[in-house]
Amino acid sequence: MADGIPAKVIQVLGALGVRGVSRVRCKVMDGREKEKTLIRNVIGPIRKGDVIVLKETEMEFGERLGGR
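Numbers 1324 to 1391, taken from this note's numbering, label the letters of the sequence shown in order.
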């Protein structure tokens, strides 16, 4: 898994719009951030128990909060 970090979907929070985007809560399974829980947007069909590969485990909006 040199291209990303695996994470297991623990909850599907809901659909966003009509374009097939879902918001999911997932738990990082490997790497430095192991066991960290994240919320991510996922395109395509997804269900609880699926394993997705994340490019990064940083907060998506973290940089914008301090720049106000």
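Virtual Cβ for every residue (Gly too), placed ideally from N, Cα, C.
Taking the beta carbon of residue 1362 as the centre, do at least 16 other beta carbons fall within 10 Å, making it buried, or is it exposed?
exposed
Is residue 1328 buried or exposed, if buried means 16 or more other CB atoms sit within 10 Å of its CB?
buried
Q. Along the chain, where does the beta strand (DSSP E) that runs through residue 1329 open and close?
A. 1328-1339
Under three-state DSSP, which class holds residue 1380? coil
What span of residues does the beta strand (DSSP E) with residue 1366 cover, start to end? 1360-1366
Residue 1407 - DSSP class collapsed to helix/strand/coil:
Outside the shown range of the chain (1324 to 1391) lies residue 1407, about which nothing can therefore be said.
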